[in-house]
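Just so you know, we're using numbering that gives the first Met the number 0 here: the sequence shown kicks off at 0 and counts up by one. Below is one structure, written out as structure tokens, with a few remarks after it.
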Amino acid sequence: MKKILSLGLIFVLLFAGNINSFAEEDDFISAKAAVVMCADTGEIVYSKNMYMQLSMASTTKIMTSVLALEYGATDSYITVTDEMVRVEGTSMGLLGGDRVSLKSLVKGMLIQSGNDAANAVAVIVGGSIPEFVAMMNEKAQMLGMDSTSFETPSGLDGDNHYSTARDMAVLAAYAIKNPEFRSICSLKQAVVYYGNPPYRRVMTNHNKLLSMYDGVFGIKTGFTKKSGRCLVTAAEKDGKTLIAVTLSAPDDWNDHVKLYDYAFECVKSVTLTEDLEDIRLKVVGGTSGSISVSIQEPLNITVASEDYSYYDRVLLKQFEYAPVYEGDIVGTLEFYNSDDEIIGSTPICAGETMLEAVTDETENMTESKKTFLDKIKELFR
């Protein structure tokens, strides 16, 4: 059981910065639809037709990669079948009979945009492509992607395959919270092993923005004749993290440069913390009844609004058994926005060390152990 304490509502007043007037012009960017979102809070910094339903091409593979990594066992090798790789479009070069790990398939999707990798993941994780697509749509609903419908794991066009700039930003913000996903999508090049038997290959990332704009660390490109050029990126600068999405954008690279130049001037990095001086954790069997606690480190978030508000909750164990050492994790401090949505958390740690209390009983047990060990040593002599 965990004890939950509410520490009240805290208002943080922020200065949003100067708004560049040109961002409101219709021709500011080439994209038919676009959005820039604060990765931590979901606040919208810039939008253009962000609820317009459009096909999103291979940026679909963000969802496919998320489900693959959450499936687990990413280093385990599987054998590719002809069914898995029977798909048109871009490919990482898989052949039936190849041995490949799930992690390499994710690299093949995010870096090489392999449709064969996406289909292979669908069959491995979902059992079949239709069953996996159902998983994609279920995950989309769970994330609040209410205007999205997935029909393929790769992003090939379909009548019921569409999303919005806003929904794809929500997906991207969720995806980069996974350290493995973030690490893979940020690679300019990656070494993978697959084949029969597996051998070394080198992939080059299609995302030119990784080199074009300082701070960009992902995420995914996309293109079909129907969707046009699609791009989902993430960037971090001075402790501020933003997501940018453009759909049907003839000049997507420059669109994202303009969007980030504008948006980073409009947001602030805020440190969320809490003083836990009045909270103590009960310790059973220790030299005293309780110990102090403190947060491991503050949480930094990116916000856009002038009066962003949040509150926090302390989730602390009811008690710990001695010994407890300073720095041991004993709970969590969670932060929520005014809509009761969690925006982040940080561990709560023991603020001091408490050793196990020494009693007559424990002294006798210690002496008994010593006597027993002495007898064993005597036997070997």
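Yeah, the Cβ is synthetic: ideal placement off N, Cα and C, and Gly gets one too.
Evaluate N195 with the Cβ neighbour count: other Cβ atoms within 10 Å of its Cβ, from every protein chain shown; 16 or more gives buried, anything less gives exposed.
The sequence position of residue 195 within the sequence shown is 196, counting from 1. It counts as exposed.
Answer with buried or exposed for E305, where buried requires no fewer than 16 other C-beta atoms within 10 angstroms of its C-beta.
The sequence position of residue 305 within the sequence shown is 306, counting from 1. With fewer than 16 Cβ atoms within 10 Å of its Cβ, E305 is classed as exposed.
Let me make sure I understand the geometry here. Which of V190, A172 and L208 has the alpha-carbon closest to that of N253?
In the sequence shown, counting from the first residue as 1, residue 253 sits at position 254. The residue with the shortest Cα to Cα distance from N253 is L208.
Continuous alpha helix (DSSP H) assignments of at least 4 residues falling wholly in the region 233-314
251-262
Could you give the distance in angstroms between the alpha-carbon of T232 and the alpha-carbon of C184?
By one-based count along the sequence shown, residue 232 stands at place 233. By one-based count along the sequence shown, residue 184 stands at place 185. Rounded to the nearest angstrom, the two C-alpha atoms are 10 Å apart.
For I128, which of helix, strand or coil comes out of DSSP?
Residue numbering aside, residue 128 sits at position 129 when the sequence shown is read from its first letter. Here I128 sits in helix by DSSP.
Looking at C-alpha atoms only, which residue of L186, D166 and G330 is the closest neighbour of A38?
Within the sequence shown, numbered from 1, the residue matching residue 38 stands at position 39. Of L186, D166 and G330, the residue nearest in Cα terms is D166.
Do I400 and A121 have their C-beta atoms within less than 9 Å of each other?
Outside the shown range of the chain (0 to 380) lies residue 400, about which nothing can therefore be said.
Taking the alpha carbon of G288 as the point to measure from, which residue in Y307, L241 and L354 has its own alpha carbon closest?
By one-based count along the sequence shown, residue 288 stands at place 289. Selected option, being the one with the closest Cα: L354.
Based on the DSSP secondary-structure assignment, which residues constitute the bridge partners of A32?
The residue labelled residue 32 in the question sits at position 33 within the sequence shown. Beta-bridge pairing links A32 to L246.
Quickly, what does DSSP pair I218 with across the bridge? List them, please.
Taking the first residue of the sequence shown as position 1, residue 218 is located at position 219. In the DSSP output, where bridge partners are listed per residue, I218 has T232.
Every unbroken alpha helix (DSSP H) inside the region 134-179 [4 residues or more]
164-174
Distance check for L246 and F222, CA to CA, integer angstroms please.
Looking up residue 222 in the sequence shown gives position 223. Looking up residue 246 in the sequence shown gives position 247. Approximately 10 Å, taken between the alpha carbons.
Could you tell me the boundaries of the alpha helix (DSSP H) in which T63 lies?
Numbered from its first residue, the sequence shown carries residue 63 at position 64. Element bounds for T63: K60 to Y70.
For R228, which residues in the same chain have their Cβ closer than 6 Å to its Cβ, ignoring the five residues on either side in sequence?
Numbered from its first residue, the sequence shown carries residue 228 at position 229. So the qualifying residues of the chain are F222, A248 and D251.
Less than 6 Å between C-beta atoms, sequence neighbours within five positions excluded: which residues of the same chain meet that for T59?
Numbered from 1 along the sequence shown, position 60 holds the residue referred to as residue 59. The answer, listed in chain order, is G154.
Span separating the alpha-carbon of I381 from that of V99
It is not possible to answer for residue 381, since the shown part of the chain is limited to 0 through 380.
If I measure Cβ to Cβ from A119 and keep anything under 7 Å in the same chain, skipping five residues before and after, which residues do I get?
If you number the sequence shown from 1, residue 119 lands on position 120. Only V79, M83, V84, L93 and L104 meet the Cβ criterion.
So, at 7 Å on beta carbons, what are the nonlocal neighbours of F180 in its own chain, with the 5 sequence-adjacent residues on each side left out?
If you number the sequence shown from 1, residue 180 lands on position 181. If we look at F180 and ignore the five residues flanking it on each side, its Cβ neighbours are S64, V65, L68 and A174.
Out of Y309, L280, T147 and D274, which one is the CA nearest neighbour of E296?
Your numbering for residue 296 matches position 297 in the sequence shown. Comparing Cα positions, the closest option is D274.
Cβ-based neighbour list, K102, same chain, cut-off 7 Å, excluding 5 preceding and 5 following
Numbered from its first residue, the sequence shown carries residue 102 at position 103. Taken in chain order, the residues that qualify are T73 and D74.
Would you mind sorting A133 into buried or exposed? The rule is 16 or more other CB atoms within 10 Å of its CB.
Against the sequence shown, residue 133 aligns to sequence position 134. Looking at its Cβ environment, which holds fewer than 16 other Cβ atoms inside 10 Å, A133 is exposed.
Looking only at its chain, what residues have a beta carbon closer than 7 Å to the beta carbon of V302, apart from the 5 residues adjacent to it on each side?
Your numbering for residue 302 matches position 303 in the sequence shown. Excluding sequence neighbours, V302 sits near L13, C37, T40, E42, V266, K267 and V269.
Mind checking if I43 is an interface residue toward chain D, Cβ cutoff 9 Å exclusive?
As a matter of chain content, chain D is missing from the structure shown, which is built from one protein chain.
For R98, the three-state DSSP class (helix, strand or coil)
Residue 98 sits at position 99 when you count from the first residue of the sequence shown. It is a strand residue.
Under the three-state DSSP convention, the category G326 falls into:
Locating residue 326 in the sequence shown gives position 327, counting from the first residue. Correct three-state label for G326: coil.
Considering only the beta carbon of each residue, do G350 and S293 sit closer than 9 Å?
Within the sequence shown, residue 350 is the residue found at index 351, counting from 1. Within the sequence shown, residue 293 is the residue found at index 294, counting from 1. It is a contact, given that the beta carbons lie within the stated cut-off.
Using the C-alpha atoms, what's the distance from A172 back to P346?
Sequence index remark: in the sequence shown, residue 346 carries index 347 (1-based). Sequence index remark: in the sequence shown, residue 172 carries index 173 (1-based). Roughly 21 Å separates the two Cα atoms.
Apart from the five residues just before and just after F263, which ones in its own chain have a Cβ nearer than 6 Å to its Cβ?
Within the sequence shown, the letter at position 264 stands for residue 263. Hits under 6 Å: K236.
Go through its chain and collect everything with a Cβ distance to T286's Cβ below 7 Å, but skip five positions before and after it.
Residue 286 sits at position 287 when you count from the first residue of the sequence shown. The answer, listed in chain order, is M353, L354 and A356.
Give me the Cα-Cα distance between A321 and R312, rounded to the nearest whole angstrom.
Reading the sequence shown from its first residue, position 322 is the one you call residue 321. Reading the sequence shown from its first residue, position 313 is the one you call residue 312. Taking the straight line joining both Cα atoms gives about 25 Å.
Would you mind stating whether G343 and I300 have Cβ atoms separated by less than 9 Å?
By 1-based counting over the sequence shown, the position of residue 343 is 344. By 1-based counting over the sequence shown, the position of residue 300 is 301. Cβ atoms of G343 and I300: closer than 9 Å.
Can you tell me whether S57 is buried or exposed, with buried defined as 16 or more other CB within 10 angstroms of its CB?
Counted from its first residue, the sequence shown places residue 57 at position 58. Flag for S57 reads buried.
Does the distance from the CB of K225 to the CB of S337 come in under 9 Å?
Counted from its first residue, the sequence shown places residue 225 at position 226. Counted from its first residue, the sequence shown places residue 337 at position 338. Going by C-beta atoms, K225 is not nearer than 9 Å to S337.
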